Each structure stands twice: as structure tokens, then as C-alpha cells.
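Engineer: Here's a structure for you.
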Amino acid sequence: MIGERVPMVDAYERITGTIDYAQNLTLPGMLYARILRSPHAHARVIRVDASKALDAPGVVAVLTGADLAADPGLEPWFGPFIKDRAPLAIDKARYVGDPVAIVAAETDDQARDAVELIEVEYEVLPAVFDIEGALAPGAPLLHPGKRHLESFRPDIVARQPGLEDTNVIHVYKLRRGDMEAGFAEADVVVERTYTTPGVAHVPFETHNAVADYKGGKMTIWSSIQAPSSCGAYVAGILRMNISDVRVIVSTLGGGYGGKIDPMCEPLAAILARRTRRPVRVSLTRAEEFVTAGKHPSRIRIRSGVKRDGTLVAHEADVYYDGGSYSLNTPEKIYRGYASTGPYRVPNIHVDSYGVYTNTLPASAFRGYGIPQVAWAHEQQMDAIAEALGMDPLALRLKNVLKPGDQFSTGETIAEDLHYSELLRDAAEHIGWAWPPAPRAPDAGPGTGAGTGAGTGAKVRGKGLAAIIKGTASYGANAVVKLNADGSLNVLTSTVEMGQGALTVLAQIAAHEATLPLSGVRVSTPDTANTPFDQMTAASRSTNFMGRAIRRAVKSVKQQLIDLAASQLEAAAGDLEIQDGAVVVKGSPGRRLTFAQIVTTSKMGSLVGSGHEPVKVRLDVETGQGVASPQWHPAICGAQVEVDEETGKVTVLQLHMGLYPGRMINPIHCELQVLGASLFGLGQALFEELVWDEQGVLTNPNLSDYMIPSFLDVPRTFGQTMIEIPDSIDVHGLGETPLPAVAPAIANAVAQALGVRVLDLPLTPERVLRLIHERDRGAAGGGRGASASGASTSGKEASA
Amino acid sequence: MIQLTINGRARQVSPRSHETLLELLRGELGLMGVREACGIGMCGACTVVADGKIVSSCLTLAGLCDGLTVETVEGLTGPNGELSDLQQAFVDHTAFQCSYCTPGFLMATGALLAENPDPSDDEIRHGLAGNLCRCGSYLKIIDAVQDAAARARVKADAERESA
Ligand code: FES
Ligand code: FES
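These protein sequence lines map, in sequence, to chains A and B.
Residue numbers for the first sequence follow our numbering, so the first one is 1 and each next one is one higher.
Residue numbers for the second sequence follow our numbering, so the first one is 1001 and each next one is one higher.
Structure (C-alpha cells):
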């Protein structure tokens, strides 16, 4: 059943609308909580007067940051690397939308009304809204003073000294070879600065949780992607044992990385313990928009290249805007290592920064820092090709990682990631030709490359992009229980959020156990019963949890063999497992089913556990070492049409190239590729969080913030998947396609227009402005720049 | 107090003054297949069929629904929980991921197929453009809708022949 297109195991509940999302849960006596949020981007909370709210009908409790700070039963500060966040702002609010107080009432309406009655006196402080502002001398500091670190990552702890009393969250440095010598060797140097904006996850089910506190134990039903970590945070905040905090997750209405950090659970838990009533905290759509998002970025790359296209030097400053709280930013900025892209570069110098600003806390987001660097490095490759007068495909093929090559981190990529094959394949699918062929006559006048200026013509272009993505450095744990009837329970904390984890993990378990799929049930997370798992993210679950499950099943298989040896009076070495039974090799008549073995053993069930360890380590000074247990490639080929009159970009075709290893379930692979590609397309063309000069988000709704609809789906969408037959080695796909999409589209737009957009997204306004600049500058010969700035120099540069 | 027919059953309810049909269906009537994603008529997750027409239940005031006949995803299955052909086609093609949007798509597709029993790729894209899927399952939805349409035509032909 590995490789079979099995429908989702919970398809019936999904298609009948009966599947349980956390938002469906109501408990008897449950209170509803609503959050009061800061209207200021940066403000000291001087005084909160909740008396009117407390007197309002139905109100049971009001909590403020000061209440949290004053409660000896709480340790409110938490965070995965730096403990800089509290469930409610204590003393200071740091962005417009920062939770300041919360009301719990008998009904949701009552809670909503009572929130309005809370009076807060603020002292407004100067604020910073972007990377430049945050790093300017004398910039207001979001988190001055001593930082409280979580100490489990020594490499992160080691880089923190010196950052206190700055807005720098963290720094990652990569030093490889000799950058200056590399640039001295280069014939051409290309330098560009690229930017990406904040983007929202927009899970259709917003963040929500219900907490219930009974008999000294906490139970939380949540929409979180990281239940085990959430349980640990809540236990820390409420000073409880992890064993007494139980987090239950059924299935999510979308996550995409935005549901990794606990946003509702600590508040629900604190209120539940205070009121001794179950409490629900659910975010509205507008609140969802200010609760988590993608890191805006600014990335400057200077590349040194030889005339034949060999990359010899790479220098990059990578800035990720982490917003008001650090969350996973200290770890995420390590993705600066991938600013080279999937290419061999001997001399590298990268400084990657995470920066605090008075905007929403940037969280994990599908692609985890790679989409930002990919936007830069893949346009940079085309800019280099342009400077050399070289075919961008040939430039990529010349430099792309091949088996045995070293990546920027110095690690040898032994595995064949099939870049050359996938690049050629995508090029073929989009009809890549160099130099670009003239456009089809029916598409109007002009050619594909930089003509048609000011004519109002529709121009077409093609683009390619290649990216490399690692995965998270966490091990995985699973437990399996073989029952007396021969059926198998798999206990894991992997979260089903639509990616098909329950189905795919069941396929893996059934395969390893030689059982039919119907004989296997994979649990949903319940931290009182399922083993720890860091998070369902980073495209890691099928591979790492799959391996942990296989190890657990193997342990049970060994127990079955040992038991059957005595039950059959045979030597263990003579036994093998076939189709749910233990058989004496060569005498198929002498066999015992799993059910017979377990029943005869009088143990009722056999239990096995499996752990899949992961080792990564990067040197603090050089950033060299092993950054990921696995590397995933993705290629995108794009074909676009640009309306030069309106600036509108239409994506006509996307062709994705991936290396999934083995597809456990091709349907889910296809869906993940399709979904991640459309995420990329939305970010390429229109998705952007826009703040006004006061730091207020101007588009926190699905009217002003657009996501891809049916009308945005390219007419032609294809995917090439390179598989290793007969293996069950897996490369994750959940995020992998995404980072390649925006730069491929931008490269296609640049080919169509002859000018390059360096800032996402490619909105009609931005594209039109560029067309106008191009047309105005045509007389002077200016070309290829945007507001972010560009320069090309070289002994024989052709630009 | 208003009267509604919900999935074939007469119901009497007393909505609060600002209560939307969405809130009423999910709240008092416990129909969790009706879902809110945007709350402003942009996404189609809350789509139900009211007197034969698709509506965004998030934009519909419950108090104004007196006498309406409303169908939700809960009404699509047969008496013993059998899936409708449309539902089965969505399952066969796995035309969903998180499936939060799925009930809305099913209701909108039912209306589309009632008007156009053989929609082209293009007609499906435009006909369902009011329903968003953040997981991006769109191309599988096209497959499912065309498959369901084909099944319905085969059935209709068979019925004509036997009649
Ligand atoms: S929730 Fe009604 S249209 Fe989006
Ligand atoms: S399947 Fe998740 S929103 Fe459509």
C-alpha cells in the first residue's frame, strides 16, 4: 500500500462536514473570552481600569498583564529561544494588536461588549516599523535590558551577548573560504537588494482553544500545530507539571506554520484555573491577521562570477523582520545559509539578522525563511546571467549542486537531489529557449524580451527557479500497540491539518506491520497519551515520524517473533513475518497470526516504541557544520503574460519539479505541491500585509487581503516527481515547492518586460511603475533597477 | 420566533437581533458543516442553499429568514449516511486538504451543476470563483466536479432509457 492513492482515512467526516475542528467544541458551563488589544504600536501601559467591565452582565473575570505579573502562581514570560513574550502585555505593548487584557463572560456577546468597557491609560512611545528604523542609531528599543534565554541551544546562547539593548534578535554568521580572494578572482560582480513583505497565513479555521481545569489538572483542546510544545509552555507558565497539562488536537482547518506558537492556549488555561470553568478563546479573522505572519525581509547579495559562469564568491546581508516578539526568529535566521541557493560557491560571507520591530510577531510560515532568500538568490541568478549574456538555465546547470558537492554550510550533499534533471525537465515543459523565441503572433506585437514598450501590448516571458530547503532538527517519537485481535494503534503527536498525515502514517505503519490499512489506526495528539513531538512542521512528519513508527513496529515484530518461537517451539531465526502472521520459514502451515500470539501471551497487547534521532550542528563562528538532516530540492518553471497597459501579471503556466523520494500516497503529494505552489503564486502576485504610518494593519480581512482564487490558478499546471522505486525514503513536500514559485514568476516577468522587480509582490501598480521607469529611462539606457537598488560592475560586464 | 425548513425538517427558532444565519445554524441548530472563514461574503465557506439559491450565511440576518427552506451539507447524505454522488466524487479525487472549505464548495457545486450539467474547465473556474480554498485544492475540485457531472449524466441517461 506504499505508493497507493488511498483516500484520506477520515474522508467521510470531511466530506459530510462532521469532522471535529477545535472550534466546534462547546463544554457545559463554558465561558467565552475576548481579548482587548493595544491600539498603539509601542506604549507603556500605565493603568488599566476594568471595573466597568467587571460589572457588565455575564462577566466572570477580567485579566490584565499586571494581574499576570502579580500572580505568584504564574511565570508569564515564555518563548522558544528568548523568553520575551507574556500572554498579555506586561508594562508595555509592542504592536497594534498586542493583547493587553482579556474578559471571560457567560456568552461571547457579553465578553465582546465588556471588552469595550475596559479603560486603559497608555503612554505612547516612539515606534519602529521596519528593519532600517529598528537598526538606526538611537532607535527606540522594544526589549531593552537583560534577555532571558531558553538554554537548550548552546549555539544560540553563545551569539546573544552584545545584542542586549539593541533591536537585533539574533545573528547568524557564515564564513566559508576567502570572500575577498573570491571577488578578486571574479570577472563580473553583480549586486542587488531584494525585499519581501509581511504575509498572512489565513488558515480558514482561526486560532482557538478551550481549556478546562479540574482536580488540579489542565486539559486543553486546541487548533495548534505543536501540541507537545504547547503543553510544555502552558505547564511552565502555570507552574504545573507537564504531566498535568493535557493538550488534545483533533484536526486543523489549516495551519501553514502559523499555528506553531501558542496564541490562545496560555490565556485559556490561566482563565480556566482562575474561574474553575471551561474557557474558550477564539480569534476573529481580524485578530488572526495580527497574531502571526511571515517575516518581511531585506536581502542584499553581491555575487562574484567568472566569465564562463562559475560562481566564485557570495556575500549577503540577510535581514528578517521578526516583529515584536522573537518566537522562532533566532533559529529561522539561520536560513541565511541558503542565500547562495542550491549552488556550489567556494567563498561565502553571510551575515543574517533577526530584528525586532513594532509589528505583529512574525512566526513560522510555510517555507520557514527559505522563500525570502529564494526570492533573492533566484532573481540574482538571472541578473548574473543577464550580466554575462548567458542562458540562465545554463548558468544554473553549471553551478547547481551535484552529488558529493559541498553546500554553503560545508556539508557534503551525498544524495543525488536531481537538480539538473529537474531543471531540464521544467525548462522543457515551459518551452524554454535561449535567447527567448519571439512571441506567438496571436499574442500581439513585439517579442518576449523587453519590447512592446508603451504599446499596451500583452507580453509574455518564461522563467526558472531552483531552491534548496532543509528540515527541522528535531527527533521524532512514536509508540505502537498491537491488540489482541491483531489490530494496531499508532500513538503519535503528529497533527493532521489537511496534509493527510493520518492516512500516510497509517500506510507506513500498515506496510511495516504487514497489516491491511483497515487494521491500523493512527491517533491524533493527546499529550497525556501520545509521546512528545516538537511540531508538525518543516515538511518533516512523513519522513521522521514515519521512521519512528517503523522502528516502533519493528520492536513489536521482534516481540512477536520471540513469543512465537516459544509458542511454535521453533528457533527465532527460523521465523519470519508475513501478512499479519509469524511463519516458520519453508513450512507455511506452521504459522500463528498476530492475534493468536498476543492472545496466547496473555499480555493483552504488545507495545513498542520508536525514536528517530536527528543530529545537526553548526559552528558558532563560521556557521559551518550540518544544518539539516535532509535536503529537499524544488524547481519551478513559469510562463507569464504581462499587460503593459495595466501592469497585470497573469501566470499562464507553472511546472514544478520535485524529488519526493518515494511517494507514500501520490494524491497527498500532488495536493501538497499544488497547495504550496498556489501559496507561492499568491505571494508572488498580491499577498502583502500593509501597515499605515501608525503601525495599524490596513488590510486585516479577506476583501483587502487577497488569497488565490480559482481565477488565479494557472491554466497549465504540471508537476514532475522523481521517485526512488521500492524505497520508502521520503523527502517532505509540504513547503518545498513554495519558495521556487515567486522568483520563477519574477524571472518570467523580467524576461517579458526587460526590467526586474526586486520587491514582492508583483502588483499591477508596482509592475506598471517599473514599465514607466523603463520607458522613461529607455533613452538613457537605464535598465533593470527598482527602488531597492542594483549595480553591476566588472572588467567586462555586459550590463 | 421564525419558521425555517432546515434539510427537510421544520424548525422554530428565536434568533437574537444581530444573529446571522451562520451563527444560528452553527449555534442553536448545531450544524457544524456550515463554517465561517471571512465573515464578509468573500470566501464561500459559509455557503448554504436557501430557497434553491446559494447564499453566504455569514451575510444573512437570521431574523429575515422566516419561511425559508435551507439546505446545508448535512442534508446531502442519504437516510443511512450514504454519500451523494457529488460527495463521493470529492472523496474519490481527494478534492480537499483541511476540508474546511469543502461544505461550501459542495453547496456551490450543487447549484452550478443544477444550472449546467456539463460544465467545462473554464465554467467550473468561473462558477466556483466565489469559493476560496486556502489549501489550494482547486485542480482536484475541477476533477471531482467533472466526474460528478459525468456520473449524474450517466444516471440521467439510464433513467431516461428505463422510463
Ligand atoms: S464566511 Fe461567509 S463568505 Fe466567508
Ligand atoms: S481544503 Fe483547506 S481550505 Fe480548502
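Beta carbons are placed, not taken as given, at the ideal position from N, Cα and C, and that holds for glycine.
Everything numeric in this text was worked out from a predicted model, so none of it was measured.
Is A:M8 close to chain B, meaning its C-beta is less than 8 Å from at least one C-beta of that chain?
Structural biologist: The sequence position of residue 8 of chain A within the first sequence is 8, counting from 1. So, interface residue.
Engineer: Could you tell me the boundaries of the alpha helix (DSSP H) in which A:F532 lies?
Structural biologist: Working through the first sequence from its first residue, we reach residue 532 of chain A at position 532. That residue, A:F532, is in no alpha helix (DSSP H); it is neither H nor E in DSSP.
Engineer: Within 10 angstroms of its Cβ, does A:M381 collect 16 or more other Cβ (buried), or is it exposed?
Structural biologist: Reading the first sequence from its first residue, position 381 is the one you call residue 381 of chain A. Burial call: buried.
Engineer: Does the beta carbon of A:F365 sit closer than 8 Å to a beta carbon anywhere in chain B?
Structural biologist: Position 365 of the first sequence, counted from the start, is the residue given in the question as residue 365 of chain A. For A:F365, the answer is no, since every Cβ of chain B falls outside 8 Å of its Cβ.
Engineer: Mind checking A:V59: buried by the 16 CB within 10 Å criterion, or exposed?
Structural biologist: The residue you call residue 59 of chain A lines up with position 59 of the first sequence. Result: buried.
Engineer: On the CB-based measure, 16 or more other CB atoms within 10 Å of its CB, does B:T1109 come out buried or exposed?
Structural biologist: Looking up residue 1109 of chain B in the second sequence gives position 109. B:T1109 should be labelled buried.
Engineer: When the cut-off is 8 Å and only beta carbons count, does A:F204 lie next to chain B?
Structural biologist: In the first sequence, the residue the question calls residue 204 of chain A occupies position 204. Interface residue, yes.
Engineer: Run down chain A in chain order and give the residues with a C-beta less than 8 Å from the C-beta of B:P1103.
Structural biologist: By 1-based counting over the second sequence, the position of residue 1103 of chain B is 103. Going along chain A in sequence order, the residues near B:P1103 (Cβ under 8 Å) are G17.
Engineer: I need the boundaries of the beta strand (DSSP E) containing A:F717, first residue and last residue.
Structural biologist: Numbered from 1 along the first sequence, position 717 holds the residue referred to as residue 717 of chain A. It spans 716-723 - the beta strand (DSSP E) in which A:F717 sits, taken as one unbroken run.
Engineer: For B:M1168, is the beta carbon positioned less than 7 Å from some heavy atom of ligand 1?
Structural biologist: Any question about residue 1168 of chain B goes unanswered here, given that chain B covers just 1001 to 1163.
Engineer: Is B:S1099 near ligand 2, with its Cβ less than 7 Å from a heavy atom?
Structural biologist: Stepping through the second sequence from its first residue, residue 1099 of chain B is reached at position 99. Between ligand 2 and the CB of B:S1099, the shortest heavy atom gap is smaller than 7 Å.
Engineer: For A:L163 and A:H42, what's the separation of their Cα atoms in angstroms?
Structural biologist: Here the question's residue 163 of chain A lines up with position 163 in the first sequence. Here the question's residue 42 of chain A lines up with position 42 in the first sequence. Answer to the nearest angstrom: the Cα atoms are 20 Å apart.
Engineer: Starting from the beta carbon of A:P436, find every residue of chain B whose beta carbon is closer than 9 Å, and list them in chain order.
Structural biologist: The residue given as residue 436 of chain A occupies position 436 in the first sequence. Under the 9 Å cutoff, chain B gives no residues; its nearest Cβ is about 28 Å from A:P436.
Engineer: Can you give me the start and stop residues for the beta strand (DSSP E) that A:H295 sits inside?
Structural biologist: Locating residue 295 of chain A in the first sequence gives position 295, where the first residue counts as 1. From DSSP, A:H295 is part of no beta strand (DSSP E); its letter is neither H nor E.
Engineer: Quick test of the definition: if touching needs 3 or more C-beta pairs under 8 Å, does the segment 363-375 of chain A touch the segment 669-684 of chain A?
Structural biologist: yes
Engineer: Measuring only between beta-carbons, confirm whether A:V713 sits less than 8 Å from chain B.
Structural biologist: By 1-based counting over the first sequence, the position of residue 713 of chain A is 713. Judged by the 8 Å Cβ criterion, A:V713 is in contact with chain B.
Engineer: In whole angstroms, what separates the C-alpha of A:I597 from that of A:D729?
Structural biologist: Mapped onto the first sequence, residue 597 of chain A falls at position 597. Mapped onto the first sequence, residue 729 of chain A falls at position 729. Going from the Cα of A:I597 to the Cα of A:D729 covers about 31 Å.
Engineer: Closest Cβ-Cβ distance between B:Q1097 and chain A: below 8 Å?
Structural biologist: Here residue 1097 of chain B refers to the residue found at position 97 of the second sequence. Chain A, which has a Cβ nearer than 8 Å to the Cβ of B:Q1097, makes this yes.
Engineer: With a threshold of 7 Å, establish whether the CB of B:M1032 neighbours any heavy atom of ligand 1.
Structural biologist: Against the second sequence, residue 1032 of chain B aligns to sequence position 32. No, Cβ of B:M1032 sits at least 7 Å from all heavy atoms of ligand 1.
Engineer: Going along the chain, which residues of its own chain have a beta-carbon closer than 7 Å to the beta-carbon of A:G444, five neighbours each way excluded?
Structural biologist: The residue labelled residue 444 of chain A in the question sits at position 444 within the first sequence. Residue confidence is low: A:G444 scores 44 on pLDDT, short of 50, so the model does not pin down where it sits. No coordinate-derived value is stated.
Engineer: Using 7 Å as the cut-off, classify the Cβ of B:A1045 as near or not near the heavy atoms of ligand 1, replying yes or no.
Structural biologist: Indexing the second sequence from 1 puts residue 1045 of chain B at position 45. Yes, the beta carbon of B:A1045 sits closer than 7 Å to at least one heavy atom of ligand 1.
Engineer: Going by CA-CA distance only, name the one from A:A33, A:E723, A:D49, A:R540 that's closest to A:A61.
Structural biologist: As a first step, residue 61 of chain A is located in the first sequence; it is residue number 61 there, counting from the start. Measuring from the Cα of A:A61, the nearest candidate turns out to be A:A33.
Engineer: May I ask you to report which of helix, strand or coil DSSP gives A:F204?
Structural biologist: Walking along the first sequence from the start, residue 204 of chain A turns up at place 204. Look at A:F204 here: in three-state DSSP terms it is coil, with no helix or strand label.
Engineer: Quick check: is the beta carbon of B:V1145 nearer than 8 Å to any beta carbon in chain A?
Structural biologist: As a first step, residue 1145 of chain B must be located in the second sequence, where it is residue number 145. It does not: the Cβ of B:V1145 has no partner Cβ on chain A nearer than 8 Å.
Engineer: Considering only the alpha carbon of each residue, which of A:W631, A:E75, A:P197, A:V189 lies closest to A:T359?
Structural biologist: Here the question's residue 359 of chain A lines up with position 359 in the first sequence. Of the candidates A:W631, A:E75, A:P197, A:V189, the one whose C-alpha sits nearest the C-alpha of A:T359 is A:P197.
Engineer: Bridge partners of A:V128, per DSSP?
Structural biologist: Within the first sequence, numbered from 1, the residue matching residue 128 of chain A stands at position 128. Bridge partners of A:V128: none, in fact.
Engineer: Which residues of chain A have a Cβ atom closer than 7 Å to the Cβ of B:Q1012, listed in chain order?
Structural biologist: Within the second sequence, the letter at position 12 stands for residue 1012 of chain B. Simply none; closest approach about 21 Å.
Engineer: Taking 8 Å as the cut-off, decide whether the C-beta atoms of A:G231 and A:F365 are in contact.
Structural biologist: The residue you call residue 231 of chain A lines up with position 231 of the first sequence. The residue you call residue 365 of chain A lines up with position 365 of the first sequence. Going by beta carbons, A:G231 and A:F365 fall outside the 8 Å limit.
Engineer: Grab me the residues of A:V522's own chain with a C-beta within less than 6 Å of its C-beta, minus the 5 sequence neighbours each way, in chain order.
Structural biologist: On the first sequence, position 522 is the one that residue 522 of chain A refers to. Closer than 6 Å at Cβ, skipping near neighbours: V490, L502, L505, A506.
Engineer: Give the residues of chain A in contact with B:A1114, contact being defined as C-beta atoms less than 9 Å apart.
Structural biologist: Along the second sequence, one-based indexing puts residue 1114 of chain B at 114. Simply none; closest approach about 19 Å.
Engineer: Could you tell me whether the segment 186-193 of chain A touches the segment 695-702 of chain A, where touching means 3 or more Cβ pairs closer than 8 Å?
Structural biologist: no
Engineer: Using 8 Å as the Cβ pair cut-off and three pairs as the minimum, do the segment 549-558 of chain A and the segment 228-247 of chain A touch?
Structural biologist: Because the criterion of three Cβ pairs below 8 Å is not met, the segment 549-558 of chain A and the segment 228-247 of chain A do not touch.
Engineer: If the cut-off is 9 Å on Cβ atoms, which residues from the segment 218-232 of chain A count as contacting chain B, listed in chain order?
Structural biologist: Within the segment 218-232 of chain A, no residue has a Cβ that lies closer than 9 Å to any Cβ of chain B.
Engineer: Run through DSSP, which three-state label would A:R551 get?
Structural biologist: Residue 551 of chain A sits at position 551 when you count from the first residue of the first sequence. Shown here, A:R551 sits in a helix according to DSSP, grouped into three states.
Engineer: Any idea which residues DSSP pairs A:H611 with across the strands?
Structural biologist: Here residue 611 of chain A corresponds to residue number 611 of the first sequence, with the count starting at 1. A:H611 pairs with A:N477.
Engineer: Applying a beta-carbon distance threshold of less than 8 Å, which residues of chain A neighbour B:L1128?
Structural biologist: Taking the first residue of the second sequence as 1, we reach residue 1128 of chain B at position 128. Neighbours of B:L1128 on chain A, chain order: F710.
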